[in-house]
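In this note's numbering, the protein residues as written are 12 to 58. Don't be surprised by glycine CBs; every beta carbon is placed ideally from N, CA and C. Taking it in order: structure first as structure tokens, then the write-up.
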Amino acid sequence: MQRGSCPNMNHRRSDAPVRYCPNCGEVVNENIILKKCSDAMSGSNHG
Ligand SMILES: [Zn+2]
């Protein structure tokens, strides 16, 4: 993996739509929050 030679445009963008580059896997935007496996939104019928 050669760093800095990735042709993906996400590296150039300051507001990349993805957290990791789909091409090399490097973090391009740390602001993107990863989705959790468990969805707390669906448990509204508790109790
Ligand atoms: Zn990349």
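Between the CA atoms of residue j and residue i - distance to the nearest angstrom
i, j, result
"asparagine 19", "tyrosine 31", "11 Å"
"alanine 27", "glycine 36", "13 Å"
"asparagine 1", "serine 16", "Any question about residue 1 goes unanswered here, given that the chain covers just 12 to 58."
"leucine 45", "arginine 24", "19 Å"
"asparagine 42", "valine 29", "9 Å"
CB contact flag (residue i, residue j, <7 Å)
i, j, result
"histidine 123", "valine 39", "Since the first residue of the chain shown is 12 and the last is 58, residue 123 is not available in this structure."
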